[in-house]
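A.B. asks:
Number of protein chains: 2
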Amino acid sequence: MTRYAKQILDLINQSDRHMTAEQIFLELKKSEPKVVQATVYNNLNTLWENGMIRKLSVTGSPDRYDKVYRHDHLICKKCGTLSDIAFHDITGDLEKQLGEGIISYDLNIFYLCPKCRGKSE
Amino acid sequence: MTRYAKQILDLINQSDRHMTAEQIFLELKKSEPKVVQATVYNNLNTLWENGMIRKLSVTGSPDRYDKVYRHDHLICKKCGTLSDIAFHDITGDLEKQLGEGIISYDLNIFYLCPKCRGKSE
DNA sequence: TATTATAATTAGAATAATTCTAAAATCAAG
DNA sequence: CTTGATTTTAGAATTATTCTAATTATAATA
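Protein chains in written order, with the numbering used here: chain A, 1 to 121; chain B, 1 to 121.
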């Protein structure tokens, strides 16, 4: 685990935001002014390949990175705002239906956030 | 509903693939040789905004478009191959926990497809 | 039908996110 | 120290998607 990898992992684990690579890069730069974007992308990819972080693909915005503890996401269909929520774990149910071998799952729930529900339009 | 919009919608509804904008563009070009990529993107976006198609964001590949009937996706963590599966509808459960106002949800289940399970590596 | 307004399409440039390449720097082991 | 492997760097390249402005098609109206 390299110097940068460790710090990137910490940033993700200590933040409650769902940061993009760019945002992580800017945070990391505060303590490591010499670091470069490609390094952040490289490290994010290897951390992700090793199951140490989650990667969230949300339509219309760059990938976001998240902690691995089990939780789901509530996403505003209009403005894209993303928040955490913990629906109960359905891995057991899934395995009953699909058999063993499930690595993980992503559950994204779409709604209109209070703000967007206001401006009905 | 314009000429192109209708054909794009039909392509998606009649195909079992999960096509990217590019693939849809190539298909459409067979019957409409003059059509242009931007038109496909425009139409895909308006169809999606009107809830007539689904858009799938999968890490590492361009967005894919899908029919709207309720079903979930099984995705190979290694090669990204995506297939359909119908786990039971959990909207009711979700609403019980989160209250009304849920528009939809995406459930993506990650596993290793038979091919990738072979080459354990 | 001619006229106007509205919306859709086009071509191509622009943007934004991410990956790639090759060189330089760092690290780890013998 | 030397060697080899890995990581980082700088910057170019790629890819998907959006934007812009001009053009064309469609629909609505006089």
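We put the beta carbon where it would ideally sit given N, CA and C, even for glycine.
(1) Could you give the DSSP three-state label for A/ARG17: helix, strand or coil?
(2) B/VAL35 by DSSP, collapsed to three states: which one?
(3) Excluding the 5 residues preceding and the 5 following B/VAL58 in the sequence, name in chain order all residues of the same chain whose CB lies nearer than 7 Å to its CB.
(4) My output table needs one value for A/VAL68: the three-state DSSP class, helix, strand or coil.
(5) Between which two residues does the beta strand (DSSP E) holding B/LEU107 run?
(6) Please name the residue, chosen from A/ASN13, A/THR91 and A/ARG3, that lies closest to B/LEU107 on a Cα-to-Cα basis.
(7) Would you call the stretch 17-33 of chain B in contact with the stretch 108-118 of chain A, where contact means no fewer than 3 C-beta pairs closer than 8 Å?
(8) Quick one: which chain A residues come within Cβ less than 8 Å of B/VAL58?
(9) Under a CB-based cut-off of 9 Å, is A/ASP66 close to chain B?
(10) Assign A/GLU27 to one of two classes, buried (16 or more other C-beta atoms within 10 Å of its C-beta) or exposed (fewer than that).
(11) Compare the C-beta of A/GLY80 with all C-beta atoms of chain B and state if any pair is closer than 9 Å.
(12) Between A/ILE24 and chain B, is the shortest Cβ-Cβ distance under 9 Å, so that the two count as touching?
(13) Over what stretch of residues does the alpha helix (DSSP H) that includes A/VAL93 continue unbroken?
(14) Quick one: list the residues of chain B neighbouring A/GLY101, beta-carbon separation under 7 Å, in chain order.
(15) Taking 9 Å as the CB-CB limit, is B/ARG3 close to chain A?
(16) DSSP puts B/ILE85 in a beta bridge; with which residues?
C.D. replies: Once the coordinates are examined:
(1) coil
(2) coil
(3) ARG64, ILE75, GLY80 and LEU82
(4) coil
(5) 102-111
(6) A/THR91
(7) no
(8) SER57
(9) no
(10) buried
(11) no
(12) no
(13) The identity of residue 93 of chain A in the sequence shown is Asp, whereas the question assumes Val. Run containing A/ASP93: 91-98, per the alpha helix (DSSP H) assignment.
(14) TYR111 and LEU112
(15) no
(16) B/ASP72
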